[in-house]
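Engineer:
Number of protein chains: 2
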Amino acid sequence: MPDYTLIYFNARGTAEPIRWMFSYAEIPFNDDRVEKDDWAERKNSIPGGKLPVLLIDEKPLPQSQAIARYIAKEAGLMPEDNLDAAYCDALVDTVRDVMEKVYAKMMSEDDEDERKRWFQEEFFPSHMAPVLARINARLGDREWFVGEQVSWADFMIAHAFGEIHSHHSEAFEDYPAVVEHIEKVRELPAIKDWIENRPETTH
Amino acid sequence: MPDYTLIYFNARGTAEPIRWMFSYAEIPFNDDRVEKDDWAERKNSIPGGKLPVLLIDEKPLPQSQAIARYIAKEAGLMPEDNLDAAYCDALVDTVRDVMEKVYAKMMSEDDEDERKRWFQEEFFPSHMAPVLARINARLGDREWFVGEQVSWADFMIAHAFGEIHSHHSEAFEDYPAVVEHIEKVRELPAIKDWIENRPETTH
């Protein structure tokens with residue numbers, strides 16, 4: 000097995016579902032967390048200057064989704080069938096589109112009241128609710144999003160929407176299948192164990 | 000072989016590299032182009048309300064990158080090796096990050112002078128040039144971006160950056176390997192044939 004080092008900030012963000020996959024498959028990895036004060040110095044050594052980066056035997060792989068998809072295959076979380084893999088990709092890209100709006104707002108807006116207004120009046124009705132309605136219906140009473148087994152799409156959705164749910168559970172009232180699914184992923188023994196024992200972060 | 004219908008606007012955009020892959024592998028597909036005036040009516044029948052969508056035996060697959068990756072596998076444009084596939088993904092995501100800035104500006108800004116100023120003073124120096132420098136060095140005197148064979152990453156890069164190159168060739172002066180690569184993909188017999196015979200579009 001190669002030597003893996005996952006470099007990210009001392010935060011959950013886009014690295015956390017990758018950490019979940021490592022934990023799920025019991026693949027050892029170095030969880031390299033860059034503190035804010037050290038970033039300016041380390042940035043130059045990071046190809047593309049963005050995190051996360053995964054070092055695979057010291058060779059860098061950038062881009063959070065590329066890393067996640069690579070580790071998903073190593074972790075047995077990728078459907079064998081091309082079309083099932085494509086449905087996973089489409090779900091992951093849909094979640095990414097939604098989350099990028101959140102990240103962009105958080106980066107550009109410090110005012111707590113304006114963030115709250117934006118979430119309630121713009122983000123939720125226009126972007127989040129239509130996606131939640133669609134994936135809630137898609138899930139129905141199935142256990143996982145694609146096929147009969149848990150896949151990396153389940154991890155990516157449960158992590159991203161789980162973060163939003165933890166701050167805005169009221170917004171999920173009409174989407175009980177999604178809420179139940181988030182809980183089911185977090186209750187997988189390896190994930191539960193990771194969440195209980197992971198380093199504490201403020202964001 | 001399933002029946003494929005690729006639904007997109009009457010434009011190149013994010014559907015065009017998918018059309019290239021179909022053409023490259025000689026996979027027949029219905030090239031369903033929605034005219035602007037018809038979009039309001041058809042939008043409701045599109046899951047998620049966004050294009051492109053690929054109908055696979057009438058079952059919809061959304062998200063341009065998910066479609067491209069699926070067709071890449073069907074077309075023999077996906078490396079077998081997991082790590083090589085991941086390098087393709089990382090390149091494709093890097094190009095996507097760059098192109099999303101272009102799309103966002105084009106959607107929000109109609110003024111031609113402001114678009115030109117933005118391109119020269121913001122987009123090119125801050126976003127495009129660093130990526131071009133990196134991928135130009137990565138390519139060096141290699142023929143293709145990943146491994147020894149042409150892959151979907153070559154198609155995605157050559158299409159996206161080829162569009163920018165066609166309007167701003169002066170910006171590519173320091174990146175001759177990238178320019179040569181764009182030309183090499185466009186000169187693949189199937190792609191050359193597609194480009195010569197494709198429907199004319201204004202954008």
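Top line first, the protein sequences correspond to chains V and X.
In this text, residue positions in the first sequence follow numbering that gives the first Met the number 0: the first is 0, and each later residue adds one.
In this text, residue positions in the second sequence follow numbering that gives the first Met the number 0: the first is 0, and each later residue adds one.
Each residue gets a CB set at the ideal place from its N, CA and C atoms; glycine is no exception.
Predicted model only: the values in this text are computed from it and were never measured.
(1) Are A176(X) and L138(X) touching if we call contact CB-CB under 8 Å?
(2) Where in the stretch 110-177 of chain X do unbroken runs of the alpha helix (DSSP H), each at least 4 residues long, occur, reported from the N-terminal end onward?
(3) So with CB distances below 8 Å, who are the chain X contacts of I55(V)?
(4) Specify the secondary structure class of F263(X) as computed by DSSP and reduced to three states.
(5) Given this structure, state the Cα-to-Cα distance separating R68(X) from D31(V), to the nearest angstrom.
(6) Mind listing which residues of the stretch 16-42 of chain X have their C-beta closer than 9 Å to chain V's C-betas, in chain order?
(7) Given P78(X), which residues of its chain have a CB within under 7 Å of its CB, disregarding the five upstream and five downstream residues?
(8) Am I right that I156(X) and L76(X) are in contact with their C-beta atoms under 8 Å? What's the rounded C-beta distance?
(9) According to DSSP, simplified to helix, strand and coil, what is D1(V)?
(10) Could you give the residue range of the beta strand (DSSP E) that holds L53(X)?
(11) Do you know offhand how far P124(X)'s Cα is from H166(X)'s?
(12) Hey, does E73(V) have any beta-carbon neighbour from chain X nearer than 8 Å?
(13) Look at A10(V) and T200(V) and say whether their C-beta atoms are less than 8 Å apart.
(14) What does the alpha-carbon distance come out to for the pair M98(X) and A159(X)?
(15) At what residues does the beta strand (DSSP E) containing L60(X) begin and finish?
(16) Do we get a CB-CB distance below 8 Å when we pair G12(X) with the residues of chain V?
(17) Given N29(V), which residues of its chain have a CB within under 6 Å of its CB, disregarding the five upstream and five downstream residues?
(18) Please return the same chain residues whose Cβ sits closer than 8 Å to the Cβ of Y102(X), not counting the five positions on each side in sequence.
(19) Do you know offhand how far L82(X)'s Cα is from K58(V)'s?
(20) Mind reading off the beta-carbon distance from I6(V) to I70(V)? Whole number of angstroms is fine, and I expect it under 8 Å.
(21) Just to make sure I have the definition right: I need the residues of chain X whose C-beta is within less than 9 Å of the C-beta of R116(V). Which are they?
(22) Using a Cβ cut-off of 8 Å (strictly closer), state whether D88(V) contacts chain X.
(23) By the DSSP assignment, the alpha helix (DSSP H) with M106(X) in it spans what residues?
(24) Can you tell me whether S44(X) is buried or exposed, with buried defined as 16 or more other CB within 10 angstroms of its CB?
(25) So if DSSP puts I207(V) in a beta bridge, which residue, or which two residues, is it bridged to?
(26) With DSSP collapsed to three states, give me the class of T200(V).
(27) What does a CB cutoff of less than 6 Å around D112(X) pick up in its chain, not counting 5 residues either side in sequence?
(28) Got a sec? Which residues, its chain only, sit under 8 Å from D204(V) by beta carbon, not counting five neighbours each side?
(29) In chain V, what lies closer than 8 Å to T93(X) by C-beta?
(30) I need the straight-line Cα distance from N196(X) to W19(X), nearest angstrom please.
(31) Tell me, please, whether the CB atom of R68(X) is closer than 8 Å to any CB atom in chain V?
(32) Report the rounded CA-to-CA distance for E34(V) versus F8(V), giving the unit in angstroms.
Structural biologist: In short:
(1) Start at 1 with the first residue of the second sequence, and residue 176(X) comes out as number 177. Start at 1 with the first residue of the second sequence, and residue 138(X) comes out as number 139. In this structure, L138(X) lies closer than 8 Å to A176(X) by Cβ.
(2) 111-117, 128-138, 151-166
(3) Here residue 55(V) refers to the residue found at position 56 when the first sequence is read from its first residue. Neighbours of I55(V) on chain X, chain order: L82.
(4) What the structure shows of chain X is the stretch from 0 to 202, and residue 263(X) is not part of that stretch, so it cannot be assessed.
(5) One-based indexing of the second sequence puts residue 68(X) at position 69. One-based indexing of the first sequence puts residue 31(V) at position 32. Going from the Cα of R68(X) to the Cα of D31(V) covers about 30 Å.
(6) none
(7) For the purposes of this step, residue 78(X) is taken as the residue at position 79 of the second sequence. A84, C87, V145, G146, S150.
(8) Counting from 1 along the second sequence, the entry for residue 156(X) is found at position 157. Counting from 1 along the second sequence, the entry for residue 76(X) is found at position 77. At roughly 13 Å, the Cβ-Cβ gap does not stay under 8 Å, so I156(X) and L76(X) are not in contact.
(9) If you number the first sequence from 1, residue 1(V) lands on position 2. One point to set straight first is that residue 1(V) is Pro, not Asp, in the sequence displayed. The answer is coil: DSSP assigns P1(V) none of H, G, I, E or B.
(10) For the purposes of this step, residue 53(X) is taken as residue 54 along the second sequence, with counting starting at 1. 52-55 is the span of the beta strand (DSSP E), which, as asked, contains L53(X).
(11) Position 125 of the second sequence, counted from the first residue, corresponds to residue 124(X). Position 167 of the second sequence, counted from the first residue, corresponds to residue 166(X). So the two alpha carbons sit approximately 16 Å from each other.
(12) Taking the first sequence and counting its residues from 1, one reaches residue 73(V) at position 74. At least one chain X Cβ lies under 8 Å of E73(V).
(13) Here the question's residue 10(V) lines up with position 11 in the first sequence. Here the question's residue 200(V) lines up with position 201 in the first sequence. Cβ atoms of A10(V) and T200(V): closer than 8 Å.
(14) Here the question's residue 98(X) lines up with position 99 in the second sequence. Here the question's residue 159(X) lines up with position 160 in the second sequence. Near 7 Å, if we compare the C-alpha coordinates of A159(X) and M98(X).
(15) Position 61 of the second sequence, counted from the start, is the residue given in the question as residue 60(X). It spans 58-61 - the beta strand (DSSP E) in which L60(X) sits, taken as one unbroken run.
(16) Here residue 12(X) is taken as the residue at index 13 of the second sequence, counted from 1. Output row for G12(X): interface = no.
(17) Indexing the first sequence from 1 puts residue 29(V) at position 30. Closer than 6 Å at Cβ, skipping near neighbours: T4.
(18) Taking the second sequence and counting its residues from 1, one reaches residue 102(X) at position 103. Result list for Y102(X): empty, nothing under 8 Å.
(19) Residue 82(X) sits at position 83 when you count from the first residue of the second sequence. Residue 58(V) sits at position 59 when you count from the first residue of the first sequence. Taking the straight line from one Cα to the other gives about 11 Å.
(20) Within the first sequence, residue 6(V) is the residue found at index 7, counting from 1. Within the first sequence, residue 70(V) is the residue found at index 71, counting from 1. Not really, about 14 Å apart at Cβ, beyond 8 Å.
(21) Here residue 116(V) refers to the residue found at position 117 of the first sequence. Within 9 Å Cβ-Cβ: nothing; R116(V) doesn't reach chain X, min ~21 Å.
(22) Along the first sequence, read from residue 1 onward, the residue named residue 88(V) stands at position 89. It does; some Cβ of chain X falls within 8 Å.
(23) Numbered from 1 along the second sequence, position 107 holds the residue referred to as residue 106(X). Start and end: 81-107.
(24) Walking along the second sequence from the start, residue 44(X) turns up at place 45. Counting Cβ neighbours within 10 Å, S44(X) comes out exposed, since fewer than 16 surround it.
(25) This structure cannot speak to residue 207(V), because chain V is shown only from 0 to 202.
(26) By 1-based counting over the first sequence, the position of residue 200(V) is 201. In this structure, T200(V) counts as coil in the three-state DSSP scheme.
(27) Walking along the second sequence from the start, residue 112(X) turns up at place 113. There are no such residues.
(28) The first residue shown for chain V is 0 and the last is 202, placing residue 204(V) beyond what the model contains.
(29) For the purposes of this step, residue 93(X) is taken as the residue at position 94 of the second sequence. Under the 8 Å cutoff, chain V gives G47, P61, Q62.
(30) In the second sequence, counting from the first residue as 1, residue 196(X) sits at position 197. In the second sequence, counting from the first residue as 1, residue 19(X) sits at position 20. Each residue's Cα considered, the two are about 12 Å apart.
(31) Residue 68(X) sits at position 69 when you count from the first residue of the second sequence. True, the Cβ-Cβ gap to chain V drops below 8 Å.
(32) For the purposes of this step, residue 34(V) is taken as residue 35 along the first sequence, with counting starting at 1. For the purposes of this step, residue 8(V) is taken as residue 9 along the first sequence, with counting starting at 1. For E34(V) and F8(V), the distance between alpha carbons rounds to 6 Å.
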